[in-house]
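Heads up, the thing below is written out as C-alpha cells.
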Amino acid sequence: MDNNDDINIYGATSFAGLRTFANLPFVDCFSDEHAESHKYDIAVFGASHDTTTTGRPGARFGPPAIRSGSQRKSPGEWSVYTGRNPLQDWATVVDCGDARLTWLDNTASLKLLDKAHTVISGRPAANSSVSTTPRILTLGGDHTTTLSALRSTYQRWGPVSVIHFDSHIDTWDPLVLGGGISDYAGLNHGTFLHIAHEEHLILNTSIHAGIRASLIRRKGDLRNDVRCGFEIITARDLDKLGAHGVISKLKERVGDSRVYISVDIDVLDPAFAPATGTAEPGGWSTRELLTILDGLEGLSVVGADVVEVAPAYDNNGETTVLAAAEIAYSLIDLMVLKPVQ
Numbered sequence: 001m002d003n004n005d006d007i008n009i010y011g012a013t014s015f016a017g018l019r020t021f022a023n024l025p026f027v028d029c030f031s032d033e034h035a036e037s038h039k040y041d042i043a044v045f046g047a048s049h050d051t052t053t054t055g056r057p058g059a060r061f062g063p064p065a066i067r068s069g070s071q072r073k074s075p076g077e078w079s080v081y082t083g084r085n086p087l088q089d090w091a092t093v094v095d096c097g098d099a100r101l102t103w104l105d106n107t108a109s110l111k112l113l114d115k116a117h118t119v120i121s122g123r124p125a126a127n128s129s130v131s132t133t134p135r136i137l138t139l140g141g142d143h144t145t146t147l148s149a150l151r152s153t154y155q156r157w158g159p160v161s162v163i164h165f166d167s168h169i170d171t172w173d174p175l176v177l178g179g180g181i182s183d184y185a186g187l188n189h190g191t192f193l194h195i196a197h198e199e200h201l202i203l204n205t206s207i208h209a210g211i212r213a214s215l216i217r218r219k220g221d222l223r224n225d226v227r228c229g230f231e232i233i234t235a236r237d238l239d240k241l242g243a244h245g246v247i248s249k250l251k252e253r254v255g256d257s258r259v260y261i262s263v264d265i266d267v268l269d270p271a272f273a274p275a276t277g278t279a280e281p282g283g284w285s286t287r288e289l290l291t292i293l294d295g296l297e298g299l300s301v302v303g304a305d306v307v308e309v310a311p312a313y314d315n316n317g318e319t320t321v322l323a324a325a326e327i328a329y330s331l332i333d334l335m336v337l338k339p340v341q
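UniProt numbering numbers the first residue of the sequence shown as 1 and each following residue consecutively.
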C-alpha cells in the first residue's frame with residue numbers, strides 16, 4: 001500500500017489541513033472509546049459561549065479564530081526569549097475541539113461546559129509519573145466560562161488562587177451587575193468571580209492585574225472585591241513598578257498555592273486587541289503582557305484560559321487573534337514548566 005503521509009490532512013502546514021491550536025493533534029476527548037488509546041497531559045478546548053456578556057457579543061466565535069491565529073506555531077520552533085518549546089517537552093498536548101454548547105439557555109450551556117471540563121480532566125494522564133491529572137487550557141468564549149473551569153479545578157485540586165488579567169474586576173455582586181432581576185441574569189461575565197468565591201472555589205490569595213475600568217459603586221465594589229479574596233494591580237501600576245515589579249507582586253500574592261490563570265483579552269489596550277466586547281483604553285501592550293507571563297515561571301498552574309476574543313471586531317491584520325494565540329501558547333509553556341501532582 002502506498003504511503004500517503006505527504007497528503008494527510010493531519011500533517012498540516014500553516015495554510016492547510018484541519019485547524020487545531022498550534023497544529024496540535026486532534027483528540028476526541030469527550031468519547032470514552034478513545035480514553036485509553038489517546039491520553040494527554042494538557043488539553044486545549046473551546047468554550048463557544050457568549051450569551052452572558054454585558055457589552056458587544058461575538059466571543060462565541062473566539063475559539064476557531066484563536067486557532068486560526070496560531071497556525072504559524074509548530075512543534076519545531078523554539079523561543080528566542082526562553083529557549084524553550086513546550087510542545088517538545090514531557091507533556092502530551094492535544095486539541096479537543098469545542099464543547100457543544102447551546103446559545104439559547106445560559107444555564108443549560110454552562111451545565112454542559114461544567115460536564116465537558118469534568119470529562120476532559122477526568123481522563124488518565126499520558127505521563128502519570130510526571131503529572132497525574134490532565135490540565136486544561138480553555139479558549140473562550142465570554143468570561144463566564146471561567147466559572148466552569150474553576151469548578152473543575154476545585155474537583156481535582158481544591159480551591160485555587162486566581163491570577164486574573166483583565167481591565168474589569170469581575171467580582172461584582174449580582175445584585176449590582178445584573179440588577180437582582182433573577183439568579184439567571186445575575187450570572188454573567190462581570191459576576192463570575194463573586195460566584196466562584198461564594199462557591200468556595202478560590203482562595204483569599206487571588207489577584208487582578210491590568211485593572212482600569214470604572215467601578216459601579218465607588219467604595220462598595222472594592223470592599224466586595226477584597227471580600228472575594230482579591231488584591232488589585234492596576235494598568236498604570238505597570239508604569240511605576242515595571243514588568244519585574246508586577247511579576248514580583250503576583251508571585252508574592254499567590255505564594256506556593258495552586259494557581260489558575262485567566263486572561264481576558266481586554267487586559268490589552270484596544271490598539272493591540274480591538275476585537276473584544278468591552279474594550280477599555282489605557283491597557284497593556286502585547287509585549288508587556290507576554291513578558292509578565294514568562295516571569296510567572298515556577299508557579300503551580302493547574303488551569304488557564306484566554307477569553308473574550310470577539311473576532312468580528314478585529315482588523316485586517318488580525319492583531320487580536322494573533323495576540324490571543326501567543327498568550328495561549330505562553331500559558332501552555334507555564335503548565336509544562338511546572339508539573340502538578
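Ideal Cβ placement from N, Cα and C applies to all residues, glycine included.
Counting Cβ pairs closer than 8 angstroms, one from the stretch 193 to 200 and one from the stretch 215 to 228, do we hit at least three? Here the stretch 193 to 200 makes contact with the stretch 215 to 228; the two share three or more CB pairs at distances below 8 angstroms.
Just to confirm, is the Cβ distance from residue 59 to residue 308 under 8 angstroms? For the purposes of this step, residue 59 is taken as the residue at position 59 of the sequence shown. For the purposes of this step, residue 308 is taken as the residue at position 308 of the sequence shown. It is a contact, given that the beta carbons lie within the stated cut-off.
State the CB to CB distance for the pair residue 183 and residue 143, rounded to an integer number of angstroms; the pair is presumed to be in contact (CB under 8 angstroms). Locating residue 183 in the sequence shown gives position 183, where the first residue counts as 1. Locating residue 143 in the sequence shown gives position 143, where the first residue counts as 1. Between residue 183 and residue 143 a beta carbon distance of about 18 angstroms is seen, past the 8 angstroms cut, so the two are scored as non-contacting.
Any idea what DSSP makes of residue 227, helix, strand or coil? Residue numbering aside, residue 227 sits at position 227 when the sequence shown is read from its first letter. In the three-state scheme derived from DSSP, where H, G and I count as helix and E and B as strand, residue 227 is classed as helix.
Spell out a yes or no on whether the stretch 289 to 301 and the stretch 316 to 332 are touching, meaning 3 or more CB-CB pairs, one atom from each, closer than 8 angstroms. Yes, they touch.
Ordered along the chain, which non-local residues of its own chain (more than five positions away) have a Cβ less than 6 angstroms from that of residue 341? Indexing the sequence shown from 1 puts residue 341 at position 341. Correct list, in chain order: 132.
Where does residue 340 sit, in a helix, a strand or coil, going by DSSP? Numbered from 1 along the sequence shown, position 340 holds the residue referred to as residue 340. In the three-state reduction of the DSSP assignment, residue 340 falls in the coil class, being assigned neither a helical nor a strand state.
Report the option in 104, 21, 266 and 25 whose CA atom is closest to the CA atom of residue 209. Working through the sequence shown from its first residue, we reach residue 209 at position 209. Ranking 104, 21, 266 and 25 by CA distance to the CA of residue 209 puts 266 first.
Given a threshold of 16 other Cβ atoms within 10 Å of its Cβ, counted over all protein chains shown, does residue 34 qualify as buried or as exposed? Start at 1 with the first residue of the sequence shown, and residue 34 comes out as number 34. The residue in question, residue 34, is exposed, as its Cβ has fewer than 16 Cβ neighbours within 10 Å.
Does DSSP put residue 172 in a helix, in a strand, or in coil? Locating residue 172 in the sequence shown gives position 172, where the first residue counts as 1. The answer is coil: DSSP assigns residue 172 none of H, G, I, E or B.
When 246, 260, 250 and 82 are compared against residue 160, the one with the closest alpha-carbon: As a working note, residue 160 is residue 160 in the sequence shown. For the residues 246, 260, 250 and 82, the minimum Cα distance to residue 160 belongs to 260.
For residue 299, which residues in the same chain have their Cβ closer than 6 angstroms to its Cβ, ignoring the five residues on either side in sequence? In the sequence shown, residue 299 corresponds to position 299, counting from 1. Correct list, in chain order: 259.
Does the beta-carbon of residue 7 have 16 or more other beta-carbons within 10 angstroms, so that it is buried, or is it exposed? Here residue 7 corresponds to residue number 7 of the sequence shown, with the count starting at 1. Only weak support is given to the placement of residue 7: the predicted model assigns it a pLDDT of 49, under 50, and the question is left unresolved by the model.
Count the other CB atoms within 10 Å of the CB of residue 332; is the residue buried (16 or more) or exposed (fewer)? Translated into the one-based positions of the sequence shown, residue 332 becomes position 332. By the neighbour-count rule (16 or more Cβ atoms within 10 Å), residue 332 is buried.
Is the beta carbon of residue 277 closer than 8 angstroms to that of residue 310? Position 310 of the sequence shown, counting from 1, holds the residue named residue 310. Position 277 of the sequence shown, counting from 1, holds the residue named residue 277. For residue 310 and residue 277, yes; Cβs fall inside 8 angstroms.
Could you work out which residue in 168, 37, 243 and 148 is closest to residue 92 when comparing CA atoms only? Against the sequence shown, residue 92 aligns to sequence position 92. Measuring from the Cα of residue 92, the nearest candidate turns out to be 37.
Report the residue from 128, 95 and 42 whose alpha carbon sits nearest the alpha carbon of residue 301. In the sequence shown, the residue the question calls residue 301 occupies position 301. Looking at the Cα atoms, 42 is the closest of the given residues.
Quick test of your reading: residue 99 and residue 45, contact by CB under 8 angstroms. State the CB separation rounded to the nearest angstrom. Within the sequence shown, numbered from 1, the residue matching residue 99 stands at position 99. Within the sequence shown, numbered from 1, the residue matching residue 45 stands at position 45. That belief holds up - the Cβ atoms of residue 99 and residue 45 are roughly 6 angstroms apart, short of 8 angstroms.
Rounded to whole angstroms, what's the CA-CA distance from residue 334 to residue 177? Just pull it up for me. Position 334 of the sequence shown holds residue 334. Position 177 of the sequence shown holds residue 177. Cα to Cα, residue 334 sits roughly 33 angstroms from residue 177.
Between which two residues does the alpha helix (DSSP H) carrying residue 258 extend? For this step, residue 258 is matched to residue 258 along the sequence shown. Premise fails: residue 258 lies in the beta strand (DSSP E), 258 to 264, not in any alpha helix (DSSP H).
Nearest to residue 362 by CA position, among 51, 330, 130 and 141, is which residue? Coverage of the chain is limited to positions 1 through 341, which leaves residue 362 absent and any answer about it impossible.
Beta-carbon proximity check, residue 284 vs residue 238, cutoff 8 angstroms: Taking the first residue of the sequence shown as 1, we reach residue 284 at position 284. Taking the first residue of the sequence shown as 1, we reach residue 238 at position 238. Taking 8 angstroms as the Cβ cut-off, residue 284 and residue 238 qualify as a contacting pair.
Closest by C-alpha distance to residue 318, when choosing among 68, 282 and 134: On the sequence shown, position 318 is the one that residue 318 refers to. The shortest CA-to-CA distance from residue 318 to any of 68, 282 and 134 is the one to 68.
By DSSP, does residue 152 sit in helix, in strand, or in coil? Indexing the sequence shown from 1 puts residue 152 at position 152. Of the three classes helix, strand and coil, the one that applies to residue 152 here is helix, per DSSP.
Residue 284 (DSSP reduced to helix, strand or coil): Taking the sequence shown and counting its residues from 1, one reaches residue 284 at position 284. The answer is strand: DSSP assigns residue 284 an E or B state.
Whole angstroms is fine: what's the gap from residue 1's alpha carbon to residue 28's? Counted from its first residue, the sequence shown places residue 1 at position 1. Counted from its first residue, the sequence shown places residue 28 at position 28. Residue placement at residue 1 cannot be trusted, given a pLDDT of 47 that sits under 50; the coordinates are not used to answer.
Return the chain-ordered list of same chain residues with a C-beta closer than 7 angstroms to the C-beta of residue 204, the five sequence neighbours on each side being excluded. In the sequence shown, the residue the question calls residue 204 occupies position 204. Here the set comprises 229.
Residue span of the beta strand (DSSP E) that contains residue 138, given as start and end: As a first step, residue 138 must be located in the sequence shown, where it is residue number 138. Under the DSSP assignment, residue 138 falls in the beta strand (DSSP E) whose first and last residues are 135 to 140.
Work out the CA separation of residue 155 and residue 256 for me, nearest whole Å. To locate residue 256, count along the sequence shown from 1; it is residue 256. To locate residue 155, count along the sequence shown from 1; it is residue 155. If I take the Cα positions, the gap works out to 19 angstroms.
Give me the DSSP bridge partner(s) of residue 298. For the purposes of this step, residue 298 is identified with residue 298 of the sequence shown, where counting begins at 1. BP columns for residue 298 are empty, so no partner.
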